[in-house]
Amino acid sequence: MNEQQRTADTLRKVLQLVAELHLRGCQRLRACVAMSPSGTSWRCSIAPVTLVSAAHGAVLAPDAFGSPLVAHYTSAAGTEYFDWTDAAHDTPSGLARKFVSRFPDIVAAGRGSDWAYAGWYVEMLHLTYPNRFPYAVADWPSPDDYLPTIVVGDGEPVHVPLPPPGQFAV
Numbered sequence: 081m082n083e084q085q086r087t088a089d090t091l092r093k094v095l096q097l098v099a100e101l102h103l104r105g106c107q108r109l110r111a112c113v114a115m116s117p118s119g120t121s122w123r124c125s126i127a128p129v130t131l132v133s134a135a136h137g138a139v140l141a142p143d144a145f146g147s148p149l150v151a152h153y154t155s156a157a158g159t160e161y162f163d164w165t166d167a168a169h170d171t172p173s174g175l176a177r178k179f180v181s182r183f184p185d186i187v188a189a190g191r192g193s194d195w196a197y198a199g200w201y202v203e204m205l206h207l208t209y210p211n212r213f214p215y216a217v218a219d220w221p222s223p224d225d226y227l228p229t230i231v232v233g234d235g236e237p238v239h240v241p242l243p244p245p246g247q248f249a250v
C-alpha cells in the first residue's frame with residue numbers, strides 16, 4: 081500500500097466512524113467538514129445537529145467550534161484520531177467504541193433518529209468512495225449548492241449533494 085492509499089484509508093475511517101455512530105443510535109451527530117486555511121489538511125468535526133447551521137448542514141454554527149460538544153479531527157494528525165495515541169490500528173467500529181467512551185456528552189447530545197441525514201450520509205459515503213473527501217468550508221470560494229471534494233491519489237473530484245440543514249438558527 082502506498083502513502084496516498086494509507087492517507088485515504090486514514091481519512092475514510094473518520095467518515096466511517098460517523099456511520100458507525102449512526103448505527104449505534106446517534107443519527108443526530110453530524111460530520112462538519114472543512115479544509116485548513118493552507119489547503120493542506122482536511123478536517124472533520126463531529127457535533128450534534130443542534131450545533132450545525134440551519135443554513136448549511138455540514139457547517140458548524142458560529143461560535144460552536146470551541147464547544148465541549150464538538151470533537152475535532154485533522155488529517156495533519158494522521159492516525160492520532162482526536163489526538164488519541166492508541167487508535168492507529170483501530171477499525172471504524174473500534175474508533176466508534178472509543179468515541180462513545182471518551183466523548184459521552186457528545187454521544188448523549190447526538191442520540192436519536194435523523195433518517196434524512198443518515199440516508200444522505202450513506203449516499204455521501206458511496207459517492208466519495210474510496211478516496212474523495214467532501215468539504216463545506218475553505219479559505220477559497222466554495223459552492224453553495226453542493227459539497228466539493230478533495231481527492232487523495234488518482235481520480236476526479238465529485239459533487240456531493242448538500243446534507244439536510246442543521247438546527248442552529250442564527
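Going from the sequence shown to this note's numbering is simple: count from 1 and add 80.
Cβ atoms here follow ideal geometry from the backbone N, Cα and C, with glycine treated the same way.
Keep in mind that this is a model prediction, so the values were computed, not measured.
Under 8 Å by Cβ, that's how I've got residue i and residue j pegged, so tell me the actual separation to the nearest angstrom.
| i | j | result |
| --- | --- | --- |
| ARG108 | GLY190 | 5 Å |
| ALA249 | ALA134 | 5 Å |
| PHE213 | LEU101 | Not a contact, Cβ separation roughly 18 Å. |
| VAL139 | VAL132 | 7 Å |
| THR154 | SER118 | Incorrect: roughly 11 Å between the Cβ atoms, too far for contact. |
| ALA218 | ALA114 | 7 Å |
According to DSSP, residue i sits in a beta bridge with which residue or residues?
| i | result |
| --- | --- |
| VAL98 | DSSP, once it has assigned bridges, lists no residue as partnering VAL98. |
| ALA127 | ARG110 |
| MET81 | Answer by DSSP bridge pairing: none, since MET81 is not bridged. |
| SER133 | PHE248 |
| THR229 | PRO214 |
| TRP122 | MET115 |
| VAL240 | LEU227 |
| LEU91 | Answer by DSSP bridge pairing: none, since LEU91 is not bridged. |
| LEU140 | VAL132 |
How long is the line joining the alpha carbons of residue i and residue j, rounded to whole angstroms?
| i | j | result |
| --- | --- | --- |
| GLY137 | PRO172 | 23 Å |
| GLY246 | ALA127 | 10 Å |
| PHE179 | ASP224 | 31 Å |
| PRO221 | PRO237 | 16 Å |
| LEU207 | VAL240 | 7 Å |
| HIS152 | GLN85 | 22 Å |
| ASP64 | TRP195 | Outside the shown range of the chain (81 to 250) lies residue 64, about which nothing can therefore be said. |
| GLY146 | TYR209 | 30 Å |
Entirely within the region 149 to 217 and at least 4 residues each: give me those alpha helix (DSSP H) ranges in chain order.
172 to 182, 184 to 190, 195 to 208
The region 167 to 181 touching the region 199 to 212, judged by at least three CB pairs closer than 8 Å
no
Inter-stretch contact (C-beta, 8 Å, three-pair minimum) for the region 102 to 117 and the region 232 to 241
no
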